[in-house]
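For reference, each letter of the sequence shown is one residue, going 21 to 140 in the numbering used here. Just so you know, even glycine gets a beta-carbon here, dropped at the ideal spot from N, CA and C. Down below is the structure, laid out as structure tokens.
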Amino acid sequence: MASSRNDTDYFQFASAPTFIIILVIMIVGWVMWYDVNLLPTSYMSYLGSLLHYIGTNFRPLLLFLDAGGLIEHACLSAYASYCCGKLNYSWGCAMKWVAQTMLLGYFSLSILIAHSKRSK
């Protein structure tokens, strides 16, 4: 029976601060577009006032930026999948890279690219 794990598989999580910062920024961006009043802007001092102003006056720009970020992360995930195929990673390992790259974008992809350069 063939092993389900490839000996050349490699996966590394990005750092916890990177995960937290990127996910918070993404969530705040989508919430600002959806309904800025869902954010507790009154507790955020000047930053809250700025976020409320942007969320109420520049909704089309927020939608454009959020959709652009989503498309960018999807393209980077597709490239991560391509890189995993070139490196002969297993399906499970490749899906870990794709999921992490979908969430973090280039921060995750840079880890994969650096590893692929080291392994050559």
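Reference residue i; option with closest CA among the options
i     : options                       : result
Gly89 : Gln120, Ser65, His72, Gly125  : Gly125
Val56 : Asn77, Ile42, Asn108          : Asn77
Leu43 : Leu123, Ala100, Cys113        : Leu123
Ile91 : Leu132, Thr121, Ile133        : Thr121
Val48 : Ser97, Ile74, Val118, Arg138  : Ile74
His93 : Leu107, Tyr63, Leu129, Trp111 : Leu129
Sequence-distant residues of its chain with Cβ nearer than 6 Å to residue i (five each side left out)
i      : result
His135 : Tyr30
Met127 : The sequence given here places Phe at residue 127; Met does not occur at that position. These residues qualify, in order along the chain: Ala34, Thr38.
Thr61  : Gly68, Leu71, His72
Lys137 : none
Ser139 : none
Cβ-Cβ distance between residue i and residue j below 8 Å
i      : j      : result
Leu81  : Leu71  : no
Thr28  : Tyr109 : yes
Ile133 : Gln32  : no
7 Å CB neighbourhood of residue i in its chain, flanking five on each side removed
i     : result
Trp53 : Arg79, Leu82, Leu83, Asp86
Leu96 : Thr121, Gly125, Tyr126, Leu129
Val51 : Leu58, Leu59
Cβ neighbours of residue i in the same chain (closer than 8 Å, five flanking residues each side left out)
i      : result
Ser101 : Ala114, Trp117, Val118
*Tell me the start and end of each unbroken beta strand (DSSP E) in the stretch 53-126 that is at least 3 residues and wholly inside, in chain order.*
none
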